[in-house]
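Notes follow once the structure below has been shown.
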Amino acid sequence: MNQGADLLPRAQLETLEHLLALIQRLYDETAGFAAQFDDGQPWYNRGYANGMIAALTSLGYRDFVDARMRADEEGVIAGNEIMAWGKAYQHGFEVGATDVRDVIGP
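Quick note on the numbering used here: the sequence shown kicks off at 1270 and runs consecutively.
Given below as structure tokens:
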């Protein structure tokens, strides 16, 4: 558990744990996504997970994320942005970030 966990209200900590578990599940399910050009869903799901991570980081939860997983490097889809699968990733990223802010944001 993260050192700052004792500073969060229980309900917020539980929500954060659920979000982190979802991110991990999506990461597990989308391992190797970058080689799957015939299916946009893994790209969307990986983008969703990375959007969630970006939102949690911007909201001050970087330590919680870093304690649980290693996020993809920035630019993970470099060179694929204009392709259908790259657009699926970008859309997933935007939706994942928005959903996290809706659930746990200030």
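Beta carbons: idealized from backbone N, C-alpha and C, even for Gly.
- In this structure, the straight-line span from the alpha carbon of L1295 to that of W1312 is close to 10 angstroms.
- For P1311, the three-state secondary structure derived from DSSP is helix.
- The alpha-carbon of T1284 is positioned some 24 angstroms away from that of Q1359.
- Distance from R1337 to Q1293 at the Cβ level is roughly 7 angstroms; contact confirmed, criterion being Cβ atoms closer than 8 angstroms.
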